[in-house]
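Remember, our numbering sits 41 above the position in the sequence shown when you count from 1. Every residue, glycine too, gets a C-beta built ideally from N, C-alpha and C. Being a predicted model, the structure only gives us computed values, none of them experimental.
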Amino acid sequence: MNEQRRKILDLLANGKITADEAERLIGALERERSESPQTAAPRPKPRPKYLRVVVNAADGPGADGASRVDVQIPLQLLRAGVGSRASSRRRRSPGSTQG
42 MNEQRRKILD LLANGKITAD EAERLIGALE RERSESPQTA APRPKPRPKY
92 LRVVVNAADG PGADGASRVD VQIPLQLLRA GVGSRASSRR RRSPGSTQG
């Protein structure tokens, strides 16, 4: 039960308002609650962000031709990888030589 409804019922129990007044107040609260989700505009989902890596490289002598790499990496994936890398560094002992 929400706080406002409880206050109305307390006023009714203490005799400060009548049953009809309590019914009208609770009805107004319910109407207000049913209208509020409709008036609130839904937030659009943010567009995912990517790191785009494009590499154009000419192969050395005797190769068939140029190589092209075009990759899009989600930034969310990169952040997760950097976070896990940082936490693994904290767990390592100071004398460790692993990189």
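Around the Cβ of Ile114, are there at least 16 other Cβ atoms within 10 angstroms (buried) or fewer (exposed)?
Within the sequence shown, numbered from 1, the residue matching residue 114 stands at position 73. When all chains shown are included, Ile114 counts as exposed.
What is the C-beta distance between Ala121 and Ala107, in whole angstroms, given that I count them as a contact (C-beta under 8 angstroms)?
Position 80 of the sequence shown, counted from the first residue, corresponds to residue 121. Position 66 of the sequence shown, counted from the first residue, corresponds to residue 107. 33 angstroms between Cβ atoms; not a contact.
Please state the DSSP three-state secondary structure of Ile114.
Within the sequence shown, the letter at position 73 stands for residue 114. Note: Ile114 maps to strand in three-state DSSP.
Under 7 angstroms between the Cβ atoms of Ala69 and Leu53?
Walking along the sequence shown from the start, residue 69 turns up at place 28. Walking along the sequence shown from the start, residue 53 turns up at place 12. Result no, Cβ atoms of Ala69 and Leu53 do not sit closer than 7 angstroms.
For Arg88, which three-state DSSP category applies?
Translated into the one-based positions of the sequence shown, residue 88 becomes position 47. Residue state, collapsed to three classes: coil.
Taking the DSSP output, what are the residues bridged to Ala99?
Reading the sequence shown from its first residue, position 58 is the one you call residue 99. Paired residues: Ala107.
Identify which residue in Ile67, Leu119 and Val96 has its Cα closest to the Cα of Lys165.
Only positions 42 to 140 of the chain appear in the structure, and residue 165 is not among them; the question remains open.
Along the alpha helix (DSSP H) that carries Lys48, what are the first and last residues, could you check?
Looking up residue 48 in the sequence shown gives position 7. Per DSSP, Lys48 belongs to the alpha helix (DSSP H) from Glu44 to Ala54.
Taking the C-alpha atoms as reference points, what is the distance between Ile67 and Gln117?
Sequence index remark: in the sequence shown, residue 67 carries index 26 (1-based). Sequence index remark: in the sequence shown, residue 117 carries index 76 (1-based). Using only the alpha carbons, I get a separation of about 46 angstroms.
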